[in-house]
Each structure stands twice: as structure tokens, then as C-alpha cells.
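Residue numbers (the numbering used here): 5 to 255. Accompanying notes for the structure given below.
This is the structure we're talking about:
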């Protein structure tokens, strides 16, 4: 089982032990500021005047990253701020790759040793409505990808599959961009495989990205893991389930 804090157990159980993940609910600003202070995390000057939502999202993401780093490196991990570069890509401690996301009410982060993975990407989304999936589906996934919602890994609804593919491709982009600095569209990353547990609520993914290093086409294989959290509970409460995704570039 991967070391995890605040993420669905089904995702934590699916991940390799060498990937550390953590999540933090995007709660009231005062509570996030107090928790961030314990991890030596603070708002950058550029966000001091930002709207409340943006500040809360930033802190929840950096708090998640702080916990994930401590899980990976131990309690004596560096407490230096995780700042972004000119492309807003987080600068991780030497020898570490990682990713930060915030959405669906949570900050979410994953980190791993750079000698095990060349890149990591994460994303968390609320499952969209069936109407949104039907309206936007052709922009995000092809028929072959949608067909992967069926099978031995458990069926997903069209809305769940749309959201999973969207989230997996967002995660793939976050894993690839820091290394290759190429802007990719949804058609540049393809979901090739979905293997999962009971009822399809969690499992493993296989993806491939089309890159153009030095002007020549190349295909980069990626691996991923996903979970749909609280499908029954969230439905009963009137809120859509969440899709959590982690995608990695193997070393």
C-alpha cells in the first residue's frame, strides 16, 4: 500500500509503495493558514490580494504537497517553499518529482523519487453530468476510449468514463510538461487500457502520448491509477462522485 493522507483508500491501495500522495480539503481560509504554518507554507506575495477561493486552493495544494514530501522523505524533509518556475511548474527538492492539483473541494499532491519516475501528474474532478459528457465528449475522448468503460474491470457510466479520461489526460499533461515543455491537446494523449477492481471504482490505466522531440514524432508510454470516491454516498447526498487520478512516466 502506498503512503497516503486524506485520499480514498481504494486509490492508496492501488498505488505503488514508492509514490506518496496526500490530500487536503479546501476548508475555511483561517484553518488552512493555521495548518499551512505548521508545514512552513505561506501565501506568496502575488496571492495576498487574490480572491478567497484562489488563496484557499493554493494553500490546500501546498499543504498536500508538504504532507506528501514528509511521507516520502521523512519528518526532516526540507521545509523550503515549493515555488513555481516561469511556466508555473513547481520546483521540487533535488531528486524528487511531483505534481499538485486542486479541484472538487480538495488539494491533491503526489511525489516520488526521480530515479524511479521521470514525471508525475495528479488531478481530482467531480463527475460531470450526462449532458456535459454528451456535449463535450468528442473534444476529450474517442470512441475506442469510451468503449473502455465496459469490461472485466467493471462498467462505468458514460459520464464517469468521460470524467476519468479527462482527469487522466490532465494528469498525463502535468507529468509530461515539466520534462518536455510541450503543449499537448486531448488528442495527443490516448487512454489505451483500463484494468480495475470490483465494479470499476478503482484500478490501473495505460496511456500513450504523442510528442515531437527535435521535430520527430515519438510516443511516450505512461501508467496511471484512478479511483471514484463514494459513488453511492455522494449520489445520495446530491453531490457527484469524485474521480482521482495519478499518472506517471516510468524511469
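Where is the CB? At the ideal position from N, CA and C, for every residue including glycine. Please read all numbers here as calculations on a predicted model, not as lab measurements.
Cβ neighbours of residue i in the same chain (closer than 6 Å, five flanking residues each side left out)
i, result
"residue 152", "198"
"residue 120", "22 and 255"
"residue 162", "137"
"residue 24", "7, 72, 75, 76 and 115"
"residue 177", "188"
"residue 9", "26 and 71"
Spatial neighbours of residue i in its chain, beta-carbon cut-off 8 Å, leaving aside the 5 residues before and after
i, result
"residue 51", "58, 59 and 62"
"residue 219", "No answer about residue 219 holds up, because its pLDDT of 48 lies below 50 and its placement is not dependable."
C-alpha distance - residue i paired with residue j, whole-angstrom precision
i, j, result
"residue 172", "residue 138", "18 Å"
"residue 105", "residue 215", "23 Å"
"residue 29", "residue 225", "32 Å"
"residue 35", "residue 98", "30 Å"
"residue 134", "residue 142", "14 Å"
"residue 80", "residue 155", "45 Å"
"residue 164", "residue 190", "17 Å"
"residue 208", "residue 129", "17 Å"
"residue 110", "residue 11", "10 Å"
"residue 113", "residue 95", "13 Å"
"residue 249", "residue 53", "31 Å"
"residue 159", "residue 192", "25 Å"
"residue 37", "residue 229", "31 Å"
"residue 49", "residue 231", "35 Å"
C-beta atoms of residue i and residue j nearer than 8 Å
i, j, result
"residue 174", "residue 127", "yes"
"residue 145", "residue 253", "no"
"residue 115", "residue 102", "yes"
"residue 244", "residue 131", "yes"
"residue 108", "residue 246", "yes"
"residue 205", "residue 18", "no"
"residue 194", "residue 147", "no"
"residue 196", "residue 212", "yes"
"residue 227", "residue 210", "yes"
Residues bridged to residue i (per DSSP)
i, result
"residue 232", "247"
"residue 209", "198 and 228"
"residue 98", "BP columns for residue 98 are empty, so no partner."
"residue 254", "121"
"residue 89", "Paired residue(s): none; residue 89 is not in a bridge."
"residue 25", "8 and 114"
"residue 104", "113"
"residue 127", "249"
"residue 148", "For residue 148, which the question treats as bridged, DSSP gives no partner whatsoever."
"residue 193", "213"
Beta-carbon contacts of residue i that lie in its chain and below 7 Å, excluding the five residues immediately before and after
i, result
"residue 167", "129, 131, 132 and 247"
"residue 39", "67"
"residue 182", "93 and 123"
If you pair each beta-carbon of the stretch 37-57 with each one of the stretch 65-72, do three or more pairs fall below 8 Å?
yes
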